[in-house]
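What follows is a single structure, written as structure tokens, with notes after it.
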Amino acid sequence: MYRSHMSSEEFARNVRVSVLRMTNKGQSSHIGSCFSACDILAVLYSKVMHVDPANPRAPERDRFILSKGHAGAVVYASLAECGFFDPAMLMQHYQNGSIMSGHVSHKGIPGVELSTGSLGHGLSVGAGMALRAKLDDLPYRVFVVLGDGECDEGSVWEAALFAPHHHLDNLVAIVDCNNLQGLDTTSETLNLEPLAAKWRSFGWDVAEIDGHNHQSIEEALQTKSDQGKPRCLIAHTVKGKGVSFMENQVVWHYRWPRDNEVALAIAELMGRDHARHDN
Amino acid sequence: MRDTIIRVITDACRVKSDIVLLTGDLGFGVLQSFKERFPKQFVNVGIAEQNMTGLAAGLALEGKTVLTYSIGNFNTLRCLEQIRNDICYHQLHVVIVSVGSGVSYGPLGFSHHATEDISIMRSIPNLTVLSPGCLWEAEQAAIAALGAPGSYYLRVDKSSAGHTALPDEQFCLGRARLLREGADCTLVATGGILGAVLAAQTTLLKEHIACRVISVPTVKPLDSQVLVDAARETRGIITVEEHTIVGGLGGAVAEVLMEQRAMPDFFRRIGLQDTFATVVGSQEYLREYYQMSENHIIQEVRRCVAGC
Numbered sequence: 061m062y063r064s065h066m067s068s069e070e071f072a073r074n075v076r077v078s079v080l081r082m083t084n085k086g087q088s089s090h091i092g093s094c095f096s097a098c099d100i101l102a103v104l105y106s107k108v109m110h111v112d113p114a115n116p117r118a119p120e121r122d123r124f125i126l127s128k129g130h131a132g133a134v135v136y137a138s139l140a141e142c143g144f145f146d147p148a149m150l151m152q153h154y155q156n157g158s159i160m161s162g163h164v165s166h167k168g169i170p171g172v173e174l175s176t177g178s179l180g181h182g183l184s185v186g187a188g189m190a191l192r193a194k195l196d197d198l199p200y201r202v203f204v205v206l207g208d209g210e211c212d213e214g215s216v217w218e219a220a221l222f223a224p225h226h227h228l229d230n231l232v233a234i235v236d237c238n239n240l241q242g243l244d245t246t247s248e249t250l251n252l253e254p255l256a257a258k259w260r261s262f263g264w265d266v267a268e269i270d271g272h273n274h275q276s277i278e279e280a281l282q283t284k285s286d287q288g289k290p291r292c293l294i295a296h297t298v299k300g301k302g303v304s305f306m307e308n309q310v311v312w313h314y315r316w317p318r319d320n321e322v323a324l325a326i327a328e329l330m331g332r333d334h335a336r337h338d339n
Numbered sequence: 415m416r417d418t419i420i421r422v423i424t425d426a427c428r429v430k431s432d433i434v435l436l437t438g439d440l441g442f443g444v445l446q447s448f449k450e451r452f453p454k455q456f457v458n459v460g461i462a463e464q465n466m467t468g469l470a471a472g473l474a475l476e477g478k479t480v481l482t483y484s485i486g487n488f489n490t491l492r493c494l495e496q497i498r499n500d501i502c503y504h505q506l507h508v509v510i511v512s513v514g515s516g517v518s519y520g521p522l523g524f525s526h527h528a529t530e531d532i533s534i535m536r537s538i539p540n541l542t543v544l545s546p547g548c549l550w551e552a553e554q555a556a557i558a559a560l561g562a563p564g565s566y567y568l569r570v571d572k573s574s575a576g577h578t579a580l581p582d583e584q585f586c587l588g589r590a591r592l593l594r595e596g597a598d599c600t601l602v603a604t605g606g607i608l609g610a611v612l613a614a615q616t617t618l619l620k621e622h623i624a625c626r627v628i629s630v631p632t633v634k635p636l637d638s639q640v641l642v643d644a645a646r647e648t649r650g651i652i653t654v655e656e657h658t659i660v661g662g663l664g665g666a667v668a669e670v671l672m673e674q675r676a677m678p679d680f681f682r683r684i685g686l687q688d689t690f691a692t693v694v695g696s697q698e699y700l701r702e703y704y705q706m707s708e709n710h711i712i713q714e715v716r717r718c719v720a721g722c
């Protein structure tokens, strides 16, 4: 089983730097979405999930699905950070002729369980994987990261009904609530609140966490659900988290970082990290 | 045809425990005994076809062979993107079984008519499109789909042409079946309307019009050679399907013939003429009303043969 030799914070910082370089070279979108989910993935891959980069299809591995597939770069960068493939491959992101598309694709990329991109697909597939584990009494868990805007999709709620009915306590849905979607805030677009109460009323074991606090994320992910319920973590996050000029700006759903912005962003990420160590 | 397919699925489950049948809350009186017999291989997921199709993908990614069962357009058009993205892009072993093809459920109204599904489903990469015309084809298509990895759409008609198996015939996925010989015209059919086509052929033979009849249980991949031969060896081609003529069997046959430069003297597509069936009626009534009945096939052949 893989366990990172570095702290999850260090893992997350490296992933953010990779994503900056990938989106800069690829002139690709969705860096804000990658940064809001980055800490969740960093904790999952470095501390929680049982995965083996040397054997990506190991039957006992935990499964991860990024249902908000537009943040594909953060999955590729996390997998490279674990050692599923050579990090040099990341620079093929968005390049003509490569296999590393903007929305996450499994084809030819070790460690990707499911290709996504159209919203509202991942939780059903994750529930199918979890159901299979129940049918055959297998120990793996399934982790699905959704966006909050993604919860506009009706299919999310079809899966949300199904999983508690079938006692899929091996399924964890993590909603990356950065409060921003395609054109505006989630509350202005289509109000989701009270979101935690909605999942709870559907029969999920719900916890609300700070989606950037690694200790909270890890504790919430390590906690097994009670009463045979699937678990839902409402992770409060900030779109563009980690780079001050990107935070909470809808434009960073689309804009790619220019060379000078990458330099500024990396300096800020390194500075913050160093500052924390200095303390 | 439906009962035949359920029997095949049941037989398969007797020997394979990794098959899972999902239903979108349909199959009253049809799936009960299956559920009782194989409770761990059956899930009624509720009226939620997008979730059903995603679940099928998740189960199949983990090694199961999965069937999604519903009627009409519910497990095809309703969840088309799940079929495209989750099943076909991932090349999973899933069989989409939709009962009530064409206007099988005629009087229930347009919502229950599956009359655009062939066109739409055959455009999706990695998906084999099966549209059996008789009970033997239905049985063999279901056996083939369960027996070999891949993604399949199995279109199940209420009507059928009975048993049309020839002595010692072997069913082959992707192969069309030459059922009658003739040189005046070729009738190419898919689905249960094959019965009307065979009846028309018999009537026309009495008038000394000899029609070749080709049944196409696999619309995709399409057996091009038997169609090209028919275009070259007979005077013309008439396709017959209980489905829109836009992009269905007729469209598929035309694509093959044009590309192979196999130009018949005449080419007609019998089917719904780019319209919804809005009139209320049984399958038989609607076939007559929308000019795809045995009588209409006969008239069309007479017109074409006389005209050239």
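Chains as they are written, first to last, in the working numbering: chain H, 61 to 339; chain Z, 415 to 722.
A virtual CB, placed ideally from N, CA and C, is assigned to each residue, including glycine.
Between the Cα of residue i and the Cα atoms of the options, which residue gives the shortest distance?
i          : options                                        : result
Ser-545(Z) : Val-511(Z), Thr-616(Z), Ile-420(Z), Glu-583(Z) : Val-511(Z)
Gly-162(H) : His-153(H), Gly-188(H), Met-66(H)              : His-153(H)
Glu-307(H) : Arg-81(H), Val-77(H), Phe-95(H)                : Phe-95(H)
Gln-584(Z) : Ala-555(Z), Leu-469(Z), Val-517(Z)             : Ala-555(Z)
Val-611(Z) : Gly-588(Z), Phe-681(Z), Glu-708(Z)             : Glu-708(Z)
Thr-245(H) : Ala-220(H), Thr-176(H), Val-298(H)             : Val-298(H)
Leu-700(Z) : Cys-586(Z), Gly-596(Z), Ser-573(Z)             : Ser-573(Z)
Leu-568(Z) : Leu-641(Z), Gln-496(Z), Tyr-483(Z)             : Tyr-483(Z)
Val-570(Z) : Pro-563(Z), Leu-619(Z), Ser-525(Z), Leu-549(Z) : Leu-549(Z)
Ala-131(H) : Leu-293(H), Gln-241(H), Phe-145(H)             : Gln-241(H)
Ala-267(H) : His-227(H), Ala-295(H), His-274(H)             : Ala-295(H)
Val-79(H)  : Pro-224(H), Ala-102(H), His-65(H), Val-310(H)  : Ala-102(H)
Asp-531(Z) : Phe-524(Z), Leu-522(Z), Ser-525(Z), Ser-515(Z) : Ser-515(Z)
Pro-631(Z) : Leu-601(Z), Ala-668(Z), Glu-551(Z), Ala-720(Z) : Glu-551(Z)
Glu-120(H) : Asn-251(H), Glu-218(H), Leu-198(H), Gly-209(H) : Leu-198(H)
Ile-125(H) : Gly-271(H), Val-172(H), Arg-73(H), Leu-324(H)  : Val-172(H)
Lys-258(H) : Leu-293(H), His-272(H), Gly-271(H)             : Leu-293(H)
Just to confirm the assignment, what range does the beta strand (DSSP E) spanning residue i have?
i          : result
His-379(Z) : One cannot answer for residue 379(Z) here, as it falls past the ends of chain Z, which runs 415 to 722.
His-296(H) : 291 to 296
Gly-650(Z) : 650 to 658
Tyr-566(Z) : 565 to 570
Ile-485(Z) : 479 to 485
Cys-625(Z) : 625 to 629
Ala-575(Z) : Here Ala-575(Z) belongs to no beta strand (DSSP E), and DSSP marks it neither H nor E.
Since residue i and residue j should fall inside the 8 Å C-beta cutoff, what is the C-beta to C-beta distance between them, to a whole number of angstroms?
i          : j          : result
Ile-659(Z) : Ala-644(Z) : Ile-659(Z) to Ala-644(Z), Cβ: 19 Å. No contact.
Cys-493(Z) : Gln-455(Z) : Between Gln-455(Z) and Cys-493(Z) the Cβ distance is about 21 Å, and since that is not below 8 Å, they are no contact.
Pro-290(H) : Leu-231(H) : 4 Å
Val-633(Z) : Ala-666(Z) : 6 Å
Ala-597(Z) : Thr-648(Z) : 5 Å
Val-715(Z) : Ala-614(Z) : 7 Å
Ala-89(H)  : His-313(H) : Note that residue 89(H) is Ser in the sequence shown here, rather than Ala. Contact holds; Cβ gap of about 7 Å.
Asp-432(Z) : Lys-478(Z) : 5 Å
Ser-533(Z) : Gly-662(Z) : 5 Å
Ala-471(Z) : His-507(Z) : Incorrect: roughly 10 Å between the Cβ atoms, too far for contact.
In or out: residue i buried (at least 16 other Cβ within 10 Å) or exposed?
i          : result
Gly-606(Z) : buried
Ser-165(H) : buried
Gln-287(H) : exposed
Ala-100(H) : Here residue 100(H) turns out to be Ile, not Ala, going by the sequence shown. Result: buried.
Asn-487(Z) : buried
Arg-63(H)  : exposed
Gly-520(Z) : buried
Glu-141(H) : buried
Asp-338(H) : Low local confidence applies: a pLDDT of 45 at Asp-338(H) is under 50, so the model's placement there is unreliable, and no value is given.
Thr-418(Z) : buried
Phe-524(Z) : exposed
Glu-673(Z) : exposed
Asn-489(Z) : buried
So residue i is in the alpha helix (DSSP H); what residue range does that whole segment cover?
i          : result
Arg-536(Z) : 531 to 536
Asp-417(Z) : 416 to 429
His-225(H) : 214 to 225
Asn-458(Z) : It is not in any alpha helix (DSSP H) - Asn-458(Z) instead sits in the beta strand (DSSP E) that spans 456 to 458.
Ala-280(H) : 274 to 282
Ile-100(H) : 91 to 103
Phe-71(H)  : 68 to 86
Please tell me whether residue i has its Cβ less than 8 Å away from any Cβ of chain C.
i          : result
Met-189(H) : Of the protein chains in the structure, H and Z, none is chain C.
Please confirm if the region 276 to 296 of chain H is in contact with the region 98 to 109 of chain H, defined as three or more CB-CB distances below 8 Å between the two stretches. Yes, the region 276 to 296 of chain H touches the region 98 to 109 of chain H.
Using 8 Å as the threshold, is the region 462 to 475 of chain Z in touch with the region 442 to 451 of chain Z, meaning 3 or more CB pairs across them? Segments in contact, no.
Are the region 136 to 145 of chain H and the region 178 to 191 of chain H in contact at 8 Å, needing three or more beta carbon pairs? no
With three or more beta-carbon pairs closer than 8 Å as the criterion, would you say the region 676 to 694 of chain Z touches the region 651 to 665 of chain Z? yes
Mind the definition here: the region 530 to 542 of chain Z touches the region 502 to 516 of chain Z only if three or more C-beta pairs lie below 8 Å; say whether that holds. yes
Under 8 Å: do the region 191 to 209 of chain H and the region 222 to 240 of chain H share three or more Cβ pairs, one atom per stretch? yes
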